[in-house]
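In the working numbering, the protein residues as written are 2 to 393.
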């Protein structure tokens with residue numbers, strides 16, 4: 002007869018075994034990946050290093066391979082920076098055989114910041130250049146400081162950067178005044194967002210999520226960030242096209258911005274082309290002035306003088322072209338009477354227009370001083386000539 006122990010073991014062995022659930026592995030942070038067809042990016046895949054340097058004369062990179070360019074935009078818990086500001090969402094984009102890959106990383110809690118930044122650091126190491134919008138001043142310094150606090154050794158601020166905020170301002174600030182990304186999308190790229198979450202509301206939306214853990218609260222943030230990252234690529238392609246063929250620009254103020262940027266970058270001939278086109282526009286005075294200055298800088302004196310004479314004939318530039326002609330005849334041609342002629346022309350112009358603009362006593366005083374100096378110089382030359390004649 003079996004004892005109680007044996008009977009209990011028999012009962013236990015007769016029960017069917019219950020399957021056990023496998024442990025669920027929790028991802029260390031949230032990541033979403035989407036693909037944008039390359040045809041929607043306005044030719045960013047064809048951009049070159051020379052075009053990038055034209056857009057940004059301060060660009061420090063020595064290579065530009067679109068497959069090694071990382072487009073970056075962050076969403077943060079504050080807009081002013083500081084030790085308490087965290088990038089809770091990091092959107093990145095890069096081009097591969099599929100198109101533009103946009104990945105969006107979110108830390109669902111503050112404990113996930115370290116693993117998320119580790120993944121971002123690994124991604125940074127795969128690329129040569131970062132493209133951002135105000136990233137030099139905000140996004141990259143913030144990421145680097147958070148990496149330091151999480152013991153991640155990577156100096157992202159030292160990477161070659163194309164900051165599209167500064168590149169766009171050089172071209173469009175004169176016309177648009179404000180050059181935030183949404184303004185550029187609408188006024189330059191012809192794109193308008195619908196039901197977009199304002200950037201000022203992004204921090205509070207994250208705080209609401211942390212309190213409720215309702216992920217749906219972040220969907221608007223993700224959509225806003227997705228559009229930002231995509232626009233970085235589109236704007237890069239657009240700006241390169243503008244500097245490739247500036248004559249296609251419809252607005253004179255935009256063309257003037259391109260010309261100034263080209264001149265600053267040492268692309269003199271292409272800049273002059275812009276200013277010559279603008280010589281037939283409402284910006285004629287400013288364009289001819291920049292054109293004359295470029296000729297003077299290269300010591301192309303005859304072209305500089307011809308440009309100033311064109312300004313005088315058109316009534317452009319106020320007293321400036323008269324003074325430049327006076328300098329030209331005094332120091333280059335060494336024709337003091339002609340220099341005096343143009344100096345007197347500057348004084349007449351200043352006095353005739355004084356009732357309209359208000360007399361500038363300091364300006365007229367400088368012109369009179371120049372005239373007196375030229376008269377003295379003329380008198381000395383005349384006395385010298387007389388002495389030479391007497392000797393003969």
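For each residue, glycine too, the CB sits at the ideal point set by N, CA and C.
If the criterion is Cβ atoms closer than 7 Å, does the pair residue i and residue j meet it?
| i | j | result |
| --- | --- | --- |
| residue 282 | residue 253 | yes |
| residue 350 | residue 326 | no |
| residue 323 | residue 306 | no |
| residue 161 | residue 75 | no |
| residue 375 | residue 340 | yes |
| residue 265 | residue 116 | no |
| residue 96 | residue 68 | yes |
| residue 255 | residue 176 | yes |
| residue 105 | residue 223 | yes |
Quick one: residues in its chain with C-beta nearer than 6 Å to the C-beta of residue i, no 5 flanking neighbours on either side, listed in chain order?
| i | result |
| --- | --- |
| residue 198 | 221, 225 |
| residue 384 | none |
| residue 373 | none |
| residue 41 | none |
| residue 371 | 344 |
| residue 365 | 351 |
| residue 66 | none |
| residue 174 | 180 |
| residue 258 | 171, 172, 175 |
| residue 26 | Residue placement at residue 26 is poorly supported in this model, since its pLDDT is 49, which falls under 50; the coordinates still yield a value, given next. No residues qualify anywhere along the chain. |
| residue 331 | 340 |
| residue 313 | 322 |
Have a look at the options and flag the residue whose alpha-carbon is nearest the alpha-carbon of residue i.
| i | options | result |
| --- | --- | --- |
| residue 245 | 340, 229, 275 | 275 |
| residue 143 | 345, 182, 77 | 77 |
| residue 304 | 316, 289, 49 | 289 |
| residue 102 | 114, 93, 110, 181 | 93 |
| residue 378 | 335, 157, 152, 353 | 335 |
| residue 287 | 261, 68, 267, 177 | 261 |
| residue 34 | 100, 89, 50 | 100 |
| residue 300 | 320, 333, 39 | 333 |
| residue 347 | 319, 186, 363 | 319 |
| residue 183 | 140, 196, 175 | 196 |
| residue 296 | 87, 314, 178, 270 | 270 |
| residue 298 | 66, 141, 268, 315 | 268 |
| residue 191 | 218, 174, 369, 232 | 232 |
| residue 395 | 129, 240, 185, 90 | No answer is possible for residue 395: the residues shown for the chain start at 2 and end at 393. |
| residue 39 | 259, 98, 149, 251 | 98 |
| residue 29 | 110, 207, 189, 315 | 110 |
| residue 139 | 84, 170, 315 | 84 |
| residue 189 | 251, 202, 141 | 251 |
| residue 52 | 257, 90, 149, 263 | 263 |
| residue 216 | 338, 310, 90 | 90 |
Here's a check: name, in chain order, each residue in its chain whose Cβ is nearer than 8 Å to the Cβ of residue i, leaving out the five neighbours to either side.
| i | result |
| --- | --- |
| residue 292 | 273, 276, 277, 280, 308 |
| residue 204 | 77, 78, 79, 80 |
| residue 23 | Note that residue 23 scores a pLDDT of 46, beneath 50, so its modelled location is shaky and nothing firm can be said. |
| residue 147 | 87, 88, 114, 118 |
| residue 145 | 155, 156, 157, 158 |
If contacts are defined as beta-carbon pairs under 8 Å, then residue i and residue j qualify, I think. What distance do you get, rounded to the angstrom?
| i | j | result |
| --- | --- | --- |
| residue 394 | residue 230 | Because the chain spans 2 through 393 in this model, residue 394 falls outside it and cannot be assessed. |
| residue 1 | residue 120 | There is no way to answer for residue 1, as the model of the chain reaches only from 2 to 393. |
| residue 63 | residue 114 | Between residue 114 and residue 63 the Cβ distance is about 33 Å, and since that is not below 8 Å, they are no contact. |
| residue 107 | residue 227 | Wrong, their Cβ atoms sit about 12 Å apart, outside the cutoff. |
| residue 235 | residue 172 | Not quite, the Cβ-Cβ distance comes to about 15 Å (not below 8 Å), so this is no contact. |
| residue 187 | residue 179 | About 11 Å separates the two Cβ atoms, so there is no contact after all. |
| residue 56 | residue 218 | Not a contact, Cβ separation roughly 37 Å. |
Going along the chain, which residues of its own chain have a beta-carbon closer than 7 Å to the beta-carbon of residue i, five neighbours each way excluded?
| i | result |
| --- | --- |
| residue 381 | none |
| residue 317 | 285, 286, 289 |
| residue 86 | 77, 78, 79, 143 |
| residue 238 | 42, 43, 44, 45, 48 |
| residue 137 | 162, 164 |
| residue 1 | Outside the displayed range of the chain (2 to 393) lies residue 1, so it cannot be described from this structure. |
| residue 170 | 180 |
| residue 37 | 100, 101, 103, 231 |
Tell me whether residue i, by its Cβ, gets closer than 6 Å to a heavy atom of the ligand FAD.
| i | result |
| --- | --- |
| residue 216 | Here there are no bound small molecules, and the ligand FAD is not part of this structure. |
Could you say if the segment 127 to 134 and the segment 153 to 169 meet the contact criterion of at least three C-beta pairs nearer than 8 Å?
yes
So does the segment 39 to 47 actually touch the segment 206 to 213, counting three or more Cβ pairs closer than 8 Å?
no
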